[in-house]
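Chains as they are written, first to last, in my numbering: chain A, 11 to 309; chain B, 41 to 185. Think of the CB as a built atom: it goes at the ideal place given N, C-alpha and C, for glycine as much as any other residue. Here's the structure we're looking at; comments come further down.
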Amino acid sequence: MKKLGSVFMFFIIFSFHSCRDSTTKVEEDDFEEGVTIEEIKDLERVKQVFYALPSPVEIASLLNSSGAVFDGDLLNPVENSGNYLTTKSMALNLGVYITDLSYAGFFDQTQVSITYMAVSKELAERLGIMDAVDGQTLERLEANLNNREIVMDIISETYLSSSAILKEDERESVAAMLFAGGLVEGLYIASSLVDANNVKGNELVRHLIDQKYSVELLMKILEMNKNNEDVEDIYSQVSRISEIYKTFEVPSSATPVPAGRGEKGAVTDTTGESVITQRQFQDLKEIIETVRYNFVSSV
Amino acid sequence: MKSIIAVLLFFAAFVFLPGSVSGQCKIFAKRVCKAELGSYMHDGNYHAAVLNEGEEAELYKTFFANHNYRLAICGDDNLAGVQFTVMDTDRNEIYTNRDNDYSTTWDYSPESTRQLLISVKVLSSESNNGQNSGCVAIMFGFKEK
Chain A
11 MKKLGSVFMF FIIFSFHSCR DSTTKVEEDD FEEGVTIEEI KDLERVKQVF
61 YALPSPVEIA SLLNSSGAVF DGDLLNPVEN SGNYLTTKSM ALNLGVYITD
111 LSYAGFFDQT QVSITYMAVS KELAERLGIM DAVDGQTLER LEANLNNREI
161 VMDIISETYL SSSAILKEDE RESVAAMLFA GGLVEGLYIA SSLVDANNVK
211 GNELVRHLID QKYSVELLMK ILEMNKNNED VEDIYSQVSR ISEIYKTFEV
261 PSSATPVPAG RGEKGAVTDT TGESVITQRQ FQDLKEIIET VRYNFVSSV
Chain B
41 MKSIIAVLLF FAAFVFLPGS VSGQCKIFAK RVCKAELGSY MHDGNYHAAV
91 LNEGEEAELY KTFFANHNYR LAICGDDNLA GVQFTVMDTD RNEIYTNRDN
141 DYSTTWDYSP ESTRQLLISV KVLSSESNNG QNSGCVAIMF GFKEK
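What follows is the structure, given as structure tokens:
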């Protein structure tokens, strides 16, 4: 009977860990005495939900395709990294620095890329995710600086490793902060590059409008981790951006589209146009600047 | 002696399982699934989990107008297969790999930016009483238009 109990306990632990990546988590306390195996199996089948934000690499590519130029003055200075002493400030600014790194990499800023990869490595180490950026990563980056495709692949691997290690270690709240830092930095770069007198028909403004969906997804990720007080603070800051976005008219994403055609067949849908006023753009820009300032000046 | 082994087993499971299982998922995603993206640039996001047969997962993703995308969804070899369906946010079906012999990839070229929902289900095998579980990875690649 004791042996049976041990095996049953082992099964419970295994089931519990299998669900831990789930956003609809099953808490350990749920497994109380008297719970049947069937009930445990039902709990295991709780549907997992993921939210995919645009990564720093995708953000950099979107900036490029929206006609952005490189402006090194917009980056968070690497000298600030010494100020980041808490998990919150380190995670937020690792996200910020990886987005800066992607922006520099995509715009062929080789020396800046090396500097920002090095500062990302340092912050990753201090956050306890040392495997995310190792010495070989830096060497590989330096050896391929003239090949944008390889540079972006290295950055993409760095981001994947950072978020994967945090998920493996069940530090989902830290991952959420990393995502928030990365996305807000992307919004900051885009909004800073817009000529405020030329909002109508501006591709970067269109890019910013499109990020409404990303901010919605980020809010969901932060909301899931609000039991962490650092995340709760970030949630309330990002919600200020979200509130501005709610005043925008963005075409419904529910527009019917043709069914998929064959294996790997590309599918297209109808074009939607979004328009915001100069006033709305200014409001959005100001809030983004404030939130980003709070992120990079946190300690 | 047996009780000592049981206790050791208990702690070993508690300490090592989360890292080892999800660690395998990371390796699977990077080594196997990423290759499915072909010439598309991997976006760097990591979405992978251990799923049981019959289990489902959902993922929300924004597809931007000025990019072409490839979605790759891969399951461990020990799984019977993975079905995925792409829907709009009102759950109108846009594509399912069920109609394409459970292809692991789907290419998409949105004309306007839109948020889509990807529903993933691990198929049940007739053998093994549907008890298999394995890693399922969802990866995105993109190209500028």
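Next on the checklist: I'd like the span of the alpha helix (DSSP H) that includes Val122 of chain B, first residue to last.
Outcome noted: From DSSP, Val122 of chain B is part of no alpha helix (DSSP H) but of the beta strand (DSSP E) over 122-128.
Item to check | Environment of Asp83 of chain A [buried if 16+ CB atoms lie within 10 Å] | outcome: exposed
Checklist entry - Who are the neighbours of Ser130 of chain A on chain B, taking C-beta pairs under 8 Å? => result Neighbours of Ser130 of chain A on chain B: none; closest Cβ ~13 Å, over 8 Å.
Next on the checklist: Just to confirm, is the Cβ distance from Val162 of chain B to Leu111 of chain B under 8 Å?
Outcome noted: No, Cβ-Cβ distance for Val162 of chain B and Leu111 of chain B is not below 8 Å.
Item to check | Nearest-angstrom Cα separation, counted from Val285 of chain A out to Val225 of chain A | outcome: 18 Å
Item to check | Minimum C-alpha distance to Asn238 of chain A - residue among A:Val184, A:Ala134, A:Val59 | outcome: A:Val184
Checklist entry - Would you call the region 111-124 of chain A and the region 144-158 of chain A in contact, with 3 or more CB pairs under 8 Å? => result As far as the Cβ criterion goes, the region 111-124 of chain A touches the region 144-158 of chain A, which means the pair count is three or higher.
Checklist entry - At a Cβ threshold of 8 Å, is Phe104 of chain B touching chain A? => result yes
Item to check | beta strand (DSSP E) segment containing Leu91 of chain B, residue limits | outcome: Run containing Leu91 of chain B: 87-92, per the beta strand (DSSP E) assignment.
Item to check | chain A within 8 Å of Ala97 of chain B, Cβ atoms only | outcome: Yes, its Cβ sits closer than 8 Å to a Cβ of chain A.
Checklist entry - Count the other CB atoms within 10 Å of the CB of Lys74 of chain B; is the residue buried (16 or more) or exposed (fewer)? => result buried
Checklist entry - So which residues on chain B does Val59 of chain A lean against when the C-beta distance must stay under 8 Å? => result Ala97, Glu98, Leu99, Tyr100
Item to check | Burial state of Lys95 of chain B, where buried means 16 or more other Cβ atoms lie within 10 Å | outcome: In the sequence on display, residue 95 of chain B carries Glu and not Lys. Counting Cβ neighbours within 10 Å, Glu95 of chain B comes out buried, since at least 16 surround it.
Item to check | Contact set for Gln292 of chain A: own chain, Cβ-Cβ below 7 Å, skip 5 residues either direction | outcome: Ala206
Next on the checklist: With a threshold of 8 Å between beta carbons, is Thr153 of chain B in contact with chain A?
Outcome noted: yes
Checklist entry - Near Leu77 of chain B, what residues of its chain come up, given a Cβ to Cβ distance below 7 Å and the 5 sequence neighbours on each side ignored? => result Contacts found: Arg110, Ala112, Met179, Gly181.
Next on the checklist: When you compare the CB of Ile165 of chain A with every CB in chain B, is at least one pair closer than 8 Å?
Outcome noted: yes
Next on the checklist: Am I right that Leu95 of chain A and Val306 of chain A are in contact with their C-beta atoms under 8 Å? What's the rounded C-beta distance?
Outcome noted: Actually they are not in contact, since the Cβ atoms of Leu95 of chain A and Val306 of chain A sit about 14 Å apart, beyond 8 Å.
Checklist entry - Roughly how many angstroms lie between the CA atoms of Leu133 of chain A and Ser165 of chain B, to the nearest whole one? => result 45 Å
Checklist entry - Which one of A:Lys236, A:Phe189, A:Thr300 has the shortest CA to CA distance from Leu228 of chain A? => result A:Phe189
Checklist entry - Secondary structure at Gly138 of chain A, three-state DSSP: helix, strand or coil? => result Reduced to three states, the DSSP call for Gly138 of chain A is coil.
Item to check | Collapsed DSSP secondary structure at Leu111 of chain B in the structure displayed | outcome: strand
Checklist entry - Between which two residues does the alpha helix (DSSP H) carrying Thr300 of chain A extend? => result DSSP places Thr300 of chain A inside the alpha helix (DSSP H), whose first and last residues are 288-306.
Next on the checklist: Suppose you measure from the CA of Arg216 of chain A to the CA of Glu159 of chain A; what does that come to, to the nearest Å?
Outcome noted: 26 Å
Next on the checklist: Please report the straight-line C-alpha distance between Val79 of chain A and Tyr107 of chain A, rounded to a whole angstrom.
Outcome noted: 18 Å
Checklist entry - So, does the CB of Met127 of chain B fall closer than 8 Å to a CB anywhere in chain A? => result no
Item to check | Cβ shell of Ala62 of chain A (< 8 Å), same chain only, five flanking positions each side left out | outcome: Leu227
Item to check | Beta-carbon gap between Glu184 of chain B and Ser65 of chain A smaller than 8 Å | outcome: no
Next on the checklist: Using a Cβ-Cβ cutoff of 8 Å, what residues of the region 75-99 of chain A are near chain B? List them in chain order.
Outcome noted: Among the residues of the region 75-99 of chain A, those with a Cβ less than 8 Å away from any Cβ of chain B are Ser75, Ser76, in the order of the chain.
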